[in-house]
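First residue of the sequence shown? That's 0 in the numbering used here, and the numbers climb one at a time after it.
Note that beta-carbon positions come from the ideal geometry of N, C-alpha and C, so glycine has one too.
Please read these numbers as outputs of a predicted model, since none were measured by experiment.
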Amino acid sequence: MVLSAAALRGMTPHLRRNTAAILRRRPLSMAMPGVARRIPQPPSVAFPSATRGIPALHSSANAHASVAKWLVGTAGVVVLIVHVGGVTRLTRSGLSMTYWKPTQVLPPITPEEWEAEFTVYKSFPEFQQRRSMDIEEFKSIFYWEWGHRILGRISGVVFVLPAAYFAARGMIPKGYGWRVAGLLGMGAGQGAVGWWMVASGLGNDRRGDKKEIRVSPYRLAVHLSMAFATYTGLVWNGIDLLHGGGSDGGAAARRRYVAYASKLSLEARHAAKKLRGGVIVATVLTAATAASGAFVAGLDAGCAYNTWPDMEDGNFVPEDIWDPDLGMLNPFENTATVQFDHRILAYATFLSSVGAAAYGLRRGMISSGAVTPQAAAGITAMGAAATGQAALGVATLLNHVPIGMAAGHQMGSLVLLTSGLYTVQALRYGGPAALRAAAAGPMGAGRTAITARTILGRA
């Protein structure tokens, strides 16, 4: 059926807007040749990061590319710090340096300096359980802790010097100054939190303790969570700038997201919104699983219940999952509960990540525009990373936590987190703000649930 211009003018303004918006989905020359010129059409949208799948990496395409690459590069240093910190914990090296001297850079050099360092270590509770250790063994654990601390200071230099340069030249985009300051504060505070954690294993209250000397799992969780939070902030803001988020305070990027969303059908918009929500859930679960892993590490819970999928004697839920004496502290201090919780969170992370990937890659999602090539790459990476991380976690457990596997499992959590952050950014056009603006704007107004058949029938 073809509507004339007179018929359109006879409708109410609201009905006329709905009819025009819905009929725009068909070629106007076929649907309404008499009024095609009167209905504004969505302009061609230049959205390179959605169509080509590659953010603007060079200054010719993105004036803030240098700042973005600095943030992402600093995130790479944080990855190295987390890795070395994980190996330091796995090799029981974290208590080898019994003091915190932020200005000290070099390790002991001469035999006399090493002997003095070893003598200091002997005076602390941990050595009481390592009386067979000689000075060469001490050196090996000392170097891991020293390297971890030095990398932390290197990351400070890598962050602070470029930050000062970019600030002096006015290159930090509008709205990003407070973000840079916040990241600086988090990085600086991480050193103090690290020492606070180490100090929990050095106190005199641990002398005569028959249990293995280790740092507080609570403080370890805070230390690791702060590292992950800092990494998340660096990656998120770096990717945001690579997508042009720094131009005009992010207004230009938001306009592109809105323009792209305005070109989508209602079904495609709903699908993009649903997919982005699923990816956010999977990313949050990834972070929660990593935080729970800190309690697994702090209690050596991975060295217990080394069967899968059951935990003991064919039971999915271990019998000693609840200790009445611990009460509400069971999720943090009961080995059985801590490992069970970590498993459940890992299952949820795996299912949500793979589920999001399966939903986003199903037939019609890319052709409809609901999933851009960039978003498709992100959810593919997320699904693959979740599968690899789950498999590595099970293998680590069954093999009684070998150092190499355990360290790789911790790195796997960062890979999965990164793919999630990248995908959430790639799906910004499916976010609430972009969809609201697209629905309210001239290219999206009136695209409601009313179908074209209903409107034409009323006409």
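Alpha-carbon to alpha-carbon, A74 and F123: By one-based count along the sequence shown, residue 123 stands at place 124. By one-based count along the sequence shown, residue 74 stands at place 75. Answer to the nearest angstrom: the Cα atoms are 35 Å apart.
Supposed contact pair V197 and M225 - C-beta distance, whole angstroms, cut 8 Å: To locate residue 225, count along the sequence shown from 1; it is residue 226. To locate residue 197, count along the sequence shown from 1; it is residue 198. That belief does not hold up - the Cβ atoms of M225 and V197 are roughly 14 Å apart, past 8 Å.
Short Cβ contact (8 Å threshold) for A67 with G186: Your numbering for residue 67 matches position 68 in the sequence shown. Your numbering for residue 186 matches position 187 in the sequence shown. Not in contact: A67 and G186 (Cβ atoms no closer than 8 Å).
Any alpha helix (DSSP H) of 4 or more consecutive residues that is wholly inside the segment 365–447: 372–397, 402–425, 431–439
Neighbourhood of V78 by C-beta, 8 Å cutoff - its chain only, sequence neighbours within 5 removed: Mapped onto the sequence shown, residue 78 falls at position 79. For V78, where only same-chain residues beyond five positions count, the Cβ hits under 8 Å are Y230, M410, L413.
For G301 and R213, believed in contact at Cβ under 8 Å, the rounded distance: As a position in the sequence shown, residue 213 is number 214, starting the count at 1. As a position in the sequence shown, residue 301 is number 302, starting the count at 1. Between G301 and R213 the Cβ distance is about 13 Å, and since that is not below 8 Å, they are no contact.
L397 versus L391: straight-line alpha-carbon distance, rounded: Taking the sequence shown and counting its residues from 1, the one referred to as residue 397 is at position 398. Taking the sequence shown and counting its residues from 1, the one referred to as residue 391 is at position 392. If you take the alpha carbons of L397 and L391, they lie about 10 Å apart.
Anticipated Cβ contact below 8 Å, I134 with W113, distance rounded: What you label residue 134 is simply residue 135 of the sequence shown in a count that begins at 1. What you label residue 113 is simply residue 114 of the sequence shown in a count that begins at 1. Contact flag correct, Cβ pair sits at about 6 Å.
D322 versus N333 - alpha carbon distance: Within the sequence shown, the letter at position 323 stands for residue 322. Within the sequence shown, the letter at position 334 stands for residue 333. Cα-Cα distance, rounded: 7 Å.
For N314: DSSP bridge partner residues: For the purposes of this step, residue 314 is taken as residue 315 along the sequence shown, with counting starting at 1. Partner(s): E311.
Sequence-distant residues of its chain with Cβ nearer than 6 Å to G232 (five each side left out): Counting from 1 along the sequence shown, the entry for residue 232 is found at position 233. Result list for G232: L182, in chain order.
P172 - DSSP class collapsed to helix/strand/coil: Looking up residue 172 in the sequence shown gives position 173. Three-state result, P172: coil.
8 Å Cβ shell around L415 - same chain, five flanking residues per side excluded: Stepping through the sequence shown from its first residue, residue 415 is reached at position 416. Closer than 8 Å at Cβ, skipping near neighbours: T285, T348, S352, M381, A384, A385, Q388.
Short Cβ contact (8 Å threshold) for L420 with T282: As a working note, residue 420 is residue 421 in the sequence shown. As a working note, residue 282 is residue 283 in the sequence shown. Contact: yes.
Neighbourhood of W69 by C-beta distance below 6 Å, restricted to the same chain and skipping five residues each side: To locate residue 69, count along the sequence shown from 1; it is residue 70. Around W69: P161.
T118, buried or exposed, once every other Cβ within 10 Å from all chains shown has been counted against 16: For the purposes of this step, residue 118 is taken as the residue at position 119 of the sequence shown. So T118 ends up on the exposed side.
Rounded distance between the beta-carbons of T395 and A405, thought under 8 Å: For this step, residue 405 is matched to residue 406 along the sequence shown. For this step, residue 395 is matched to residue 396 along the sequence shown. About 5 Å separates the two Cβ atoms, so the contact holds.
Between the CA atoms of H82 and T97 - distance to the nearest angstrom: Working through the sequence shown from its first residue, we reach residue 97 at position 98. Working through the sequence shown from its first residue, we reach residue 82 at position 83. Their Cα atoms are separated by approximately 21 Å.
Assumed close pair G429, L241 - CB separation to whole angstroms, cut-off 8 Å: For this step, residue 429 is matched to residue 430 along the sequence shown. For this step, residue 241 is matched to residue 242 along the sequence shown. Actually they are not in contact, since the Cβ atoms of G429 and L241 sit about 19 Å apart, beyond 8 Å.
Own chain residues within Cβ distance below 8 Å of S199, not counting five before or after: Numbered from its first residue, the sequence shown carries residue 199 at position 200. Correct list, in chain order: V214, S215, R218.
Inter-residue spacing [alpha-carbon to alpha-carbon] between A438 and A374: As a first step, residue 438 is located in the sequence shown; it is residue number 439 there, counting from the start. As a first step, residue 374 is located in the sequence shown; it is residue number 375 there, counting from the start. Using only the alpha carbons, I get a separation of about 22 Å.
Neighbourhood of W194 by C-beta, 8 Å cutoff - its chain only, sequence neighbours within 5 removed: Along the sequence shown, one-based indexing puts residue 194 at 195. Cβ within range, chain order: W99.
Proximity of V393 and V337 at Cβ, strictly below 8 Å: Reading the sequence shown from its first residue, position 394 is the one you call residue 393. Reading the sequence shown from its first residue, position 338 is the one you call residue 337. Not in contact: V393 and V337 (Cβ atoms no closer than 8 Å).
Environment of T422 [buried if 16+ CB atoms lie within 10 Å]: For this step, residue 422 is matched to residue 423 along the sequence shown. That one is buried.
Beta-carbon proximity of A369 to V278, cut-off 8 Å: Here residue 369 refers to the residue found at position 370 when the sequence shown is read from its first residue. Here residue 278 refers to the residue found at position 279 when the sequence shown is read from its first residue. It is not a contact, given that the beta carbons lie outside the stated cut-off.
8 Å contact criterion, which H341 and T288 should meet: CB distance rounded: Position 342 of the sequence shown holds residue 341. Position 289 of the sequence shown holds residue 288. Indeed they touch by this definition, with Cβ atoms about 7 Å apart.
6 Å Cβ shell around F165 - same chain, five flanking residues per side excluded: Locating residue 165 in the sequence shown gives position 166, where the first residue counts as 1. Hits under 6 Å: V66, I171.
Whole-number beta carbon distance between A433 and T371, since they are thought to touch under 8 Å: Your numbering for residue 371 matches position 372 in the sequence shown. Your numbering for residue 433 matches position 434 in the sequence shown. Rounded, the Cβ-Cβ distance is 13 Å, inconsistent with contact.
Through-space distance from A357 to G85, alpha-carbon basis: Here residue 85 refers to the residue found at position 86 of the sequence shown. Here residue 357 refers to the residue found at position 358 of the sequence shown. Cα-Cα distance, rounded: 32 Å.
Sequence-distant residues of its chain with Cβ nearer than 7 Å to I365 (five each side left out): Along the sequence shown, read from residue 1 onward, the residue named residue 365 stands at position 366. These residues qualify, in order along the chain: A375.
Where W321 falls: helix, strand or coil (DSSP): Here residue 321 refers to the residue found at position 322 when the sequence shown is read from its first residue. Three-state DSSP puts W321 in coil, outside helix and strand.
DSSP three-state assignment for R130, whether helix, strand or coil: If you number the sequence shown from 1, residue 130 lands on position 131. Here R130 sits in coil by DSSP.
Backbone secondary structure at P330 - three-state DSSP: Here the question's residue 330 lines up with position 331 in the sequence shown. The answer is helix: DSSP assigns P330 an H, G or I state.
Alpha-carbon spacing of Y142 relative to V156, whole angstroms: Within the sequence shown, residue 142 is the residue found at index 143, counting from 1. Within the sequence shown, residue 156 is the residue found at index 157, counting from 1. Using only the alpha carbons, I get a separation of about 21 Å.
Buried versus exposed call for L105 [16 or more other C-beta atoms within 10 Å across all chains shown]: Working through the sequence shown from its first residue, we reach residue 105 at position 106. L105 should be labelled exposed.
Sub-8 Å separation of E211 and Q128 beta-carbons: Here residue 211 refers to the residue found at position 212 of the sequence shown. Here residue 128 refers to the residue found at position 129 of the sequence shown. Yes, these two residues count as a Cβ contact at 8 Å.
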